[in-house]
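Undergrad:
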Amino acid sequence: MVSVPLFALVDCNNFYVSCERVFAPKLRDEPVVVLSNNDGCIVARSNEVKALGVKMGSPYFQYRSLIEHRGVQVFSSNYTLYGDMSRRVMSVLAYFSPEVEVYSIDEAFLNLAGFATNTITDYGKKIRATVKQWTGIPVSIGIANTKTLAKVGAYIAKHSSKAGGVVTLLHPRYRERALAMTPVAEVWGIGRRLAPRMMGLGIQTALQLSRANERWIRKQMGVNGVRIVQELRGISCFPMQVARAPKKSITCSRSFGRPVTTLTEMQEAVAAYVSRAAEELREERAVVKELLVFMMTNRFNEKELQYHPHMTVTLPVATSNTGELIHQALQAVEKIFKTGYKYKKAGVIFTELLPENQTQMDMFDTTNRSRLGKLMAVVDRINTRFGSRSLQFAAQGITQPWHMKCDMRSPCYTTDWNQLLTVQA
DNA sequence: TCTGGGGTCCTAGGACCC
DNA sequence: TCTGGGGTCCTAGGACCC
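Under this note's numbering, the residues of the first sequence are numbered 168 to 592, in order.
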């Protein structure tokens, strides 16, 4: 017998802020923000900061004076720390369900099909308490028959003071009440374009969306819209996805800490990004057949001359060798780089990925690929052990004056012996 | 002065073929 | 004036997610 679908969505509250607070407990009731790469945007806010009206994803400089005036603690993002904390949270969740789908750095779906529904909210509370106790991270949990409804539950749990962090939406009456409380813009899959359109057409809440005509939805929102509506009605259309699908592309791009104007610096930066992307490629046990290099001026500065070139390179043989990839990418850089512009950002995208054991040989290719592979494996091991860039290609540059800003980064408390937290007793 | 980064999927429209 | 029709494949752009 196939049991009724039952999902929990576990969502970490203000995740990056919570990670910083674990290691700086005195910030527990203080306003805190975490910035994006290059200290550009605000990507995580504590509740105190949300209450000040600071918008998610807004440019830091727009709120800088407010932030300073209110004594808000500011952190550059520390993805090494957040990635490690995320792994810890996910490993706790694995105790509570046979199937955990890690949906993002701060969210996971748990398959609870077959679990007793009359005690499921208490089970959710136990999960919540255990994650908090073992990792220090507070979470909100939604439990329902579909993933989209579980998301709604977690949204309500986060915003309701009496829910105790867990909201179950199994009873039709509760479900309707929850959907009526949820703005249509908060529904999973309704983004910044669709939300205003829906609202203009008289659909303000998730409940109204769930009652919309299916054919009309198909026309307005495509096939995915129909699935969303079905899910809101309690019919599961998005199953658990436990096995991680192989990646279809790998990107590495960064804004520069200051404008780049010379070919030499642009080449260094692109070489560094290729190197990072190639590490990920090897982690993925894949090789790449085609890559795209791009660079751009500051699109926000209307007074400056704009230039956003890109170039696609097809590699003679699919590879994951950093040296070869840098060589190819830098040729593209030379072709599209023009002097006279202030570049703000550059990047590389590996498209056309193949599993490394399916490499198509080129009969004119004389490179000894097995030796090259072993060399890269050794470099990766050394960099894992002694820190990234312990061994690097000269093309990446040594001082990297164009490197992004991250002046307010916290230590890597959990992944570097030299940065452990010290406690004075 | 100062505006992130990394993904996936869907669709419309053009190119091309018969 | 009148200017086929239908299928497939590819790609760019748009939408979404975190």
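Just so it is clear, CB atoms sit at the ideal spot from N, CA and C, and this is done for glycine as well.
Take the Cβ of Lys505 as the centre, count every other Cβ of all protein chains shown within 10 Å, and call the residue buried at 16 or more, exposed below.
TA: Exposed, by the Cβ-count rule.
Undergrad: Could you tell me the boundaries of the beta strand (DSSP E) in which Thr489 lies?
TA: Looking at the DSSP string, Thr489 is not in any beta strand (DSSP E); the run it does join, the alpha helix (DSSP H), is Thr489 to Ile503.
Undergrad: Within the chosen definition, does the segment 170–178 reach the segment 561–569 through at least 3 CB pairs nearer than 8 Å?
TA: Judged by Cβ distances under 8 Å, the segment 170–178 makes no contact with the segment 561–569, as fewer than three pairs qualify.
Undergrad: To which residues of the same chain is Leu588 closer than 7 Å at the C-beta, ignoring the five residues directly before and after it?
TA: Excluding residues within five positions, the ones whose Cβ falls inside 7 Å are Phe190 and Tyr580.
Undergrad: Mind checking whether Leu482 and Glu457 have CB atoms under 9 Å apart?
TA: Going by C-beta atoms, Leu482 is nearer than 9 Å to Glu457.
Undergrad: Which term fits Gln240, buried or exposed, when burial requires 16 or more other beta carbons within 10 angstroms of its beta carbon?
TA: Answer is buried; the Cβ neighbour count reaches 16.
Undergrad: State buried or exposed for Gly389, treating a residue as buried only when at least 16 other CB atoms are found within 10 Å of its CB.
TA: Exposed.
Undergrad: What first and last residue would you give for the beta strand (DSSP E) that runs through Pro483?
TA: Pro483 -> beta strand (DSSP E) spans His477 to Thr486.
Undergrad: Starting from Ser442, trace the alpha helix (DSSP H) both ways and give me its first and last residue.
TA: Run containing Ser442: Leu430 to Glu450, per the alpha helix (DSSP H) assignment.
Undergrad: From the DSSP output, in three-state form, read off Asp196 for me.
TA: Coil, per DSSP.
Undergrad: Considering Arg425, what are the terminal residues of the beta strand (DSSP E) in which it resides?
TA: Element bounds for Arg425: Ile417 to Val427.
Undergrad: To the nearest angstrom, how far is it from the Cα of Ile272 to the Cα of Gln408?
TA: Cα to Cα, the separation comes out at about 15 Å.
Undergrad: By Cβ distance below 6 Å, which residues in the same chain neighbour Thr142 in space, the five residues on each side in sequence not counted?
TA: With the chain covering 168 to 592 only, the question about residue 142 has no answer from this structure.
Undergrad: Do the segment 318–325 and the segment 336–347 make contact, defined as three or more Cβ pairs closer than 8 Å?
TA: In short, these stretches touch, since the Cβ pair count reaches three.
Undergrad: Since Asp583 is in the alpha helix (DSSP H), which residue starts that stretch and which ends it?
TA: From DSSP, Asp583 is part of no alpha helix (DSSP H); its letter is neither H nor E.
Undergrad: To test your reading of the DSSP string, which unbroken alpha helix (DSSP H) runs of 4 or more residues are found completely within the segment 297–380?
TA: Runs found: 314–326, 339–348, 361–367 and 373–377.
Undergrad: Closest to Pro426 by CA distance: which of Glu447, His494 and Met463 is it?
TA: Measuring from the Cα of Pro426, the nearest candidate turns out to be Met463.
Undergrad: Does the separation of the CB atoms of Asn214 and Phe423 fall below 9 Å?
TA: Cβ distance not < 9 Å, so Asn214 and Phe423 don't count as in contact.
Undergrad: Can you tell which of Gly514, Gln559, Ser264 and Lys414 has the C-alpha that lies nearest to the C-alpha of Gly281?
TA: Among Gly514, Gln559, Ser264 and Lys414, the Cα nearest to that of Gly281 belongs to Ser264.
Undergrad: Kindly list the residues whose CB is nearer than 7 Å to the CB of Pro406, restricted to its own chain and excluding five residues on each side of it in sequence; keep chain order.
TA: Excluding residues within five positions, none has a Cβ falling inside 7 Å.
Undergrad: Let me know if Pro522 comes out buried or exposed under the rule of 16 or more other beta-carbons within 10 Å of its beta-carbon.
TA: Classification of Pro522: exposed, given that the 10 Å Cβ count is below 16.
Undergrad: From the DSSP secondary-structure annotation, give me the bridge partner or partners of Leu233.
TA: Paired residue(s): none; Leu233 is not in a bridge.
Undergrad: Residues in the same chain with beta-carbon distance under 8 Å from Gln495, minus the five sequence neighbours each way, listed in chain order, please.
TA: So the list reads Leu458, Val480 and Leu482, once near-sequence residues are dropped.
Undergrad: Given this structure, state the Cα-to-Cα distance separating Lys509 from Val351, to the nearest angstrom.
TA: If I take the Cα positions, the gap works out to 41 Å.
Undergrad: Return yes when the Cβ of Ser243 is within less than 9 Å of the Cβ of Val201, no when it is not.
TA: Taking 9 Å as the Cβ cut-off, Val201 and Ser243 qualify as a contacting pair.
Undergrad: Run through DSSP, which three-state label would Phe228 get?
TA: DSSP places Phe228 in helix when its eight states are reduced to three.
Undergrad: Report buried or exposed for Arg548, applying the criterion of at least 16 other Cβ atoms within 10 angstroms of its Cβ.
TA: Exposed is the call here.
Undergrad: In the DSSP assignment, what are the bridge partners of Val241?
TA: BP columns for Val241 point to Val200.
Undergrad: What is the rounded straight-line gap between the Cα of Gly554 and the Cα of Asn278?
TA: Cα to Cα, Gly554 sits roughly 37 Å from Asn278.
Undergrad: In angstroms, rounded to a whole number, what distance separates the CA positions of Asp574 and Arg255?
TA: Near 26 Å, if we compare the C-alpha coordinates of Arg255 and Asp574.
Undergrad: Helix, strand or coil, according to DSSP, for Cys186 in the structure here?
TA: Of the three classes helix, strand and coil, the one that applies to Cys186 here is helix, per DSSP.
Undergrad: Compute the distance between the beta-carbons of Tyr262 and Thr286, then report whether it is under 9 Å.
TA: No, the pair does not count as a contact, with Cβ atoms beyond the cut-off.
Undergrad: For Ala438 and Asn550, I'd like the C-alpha separation in whole angstroms.
TA: If you take the alpha carbons of Ala438 and Asn550, they lie about 17 Å apart.
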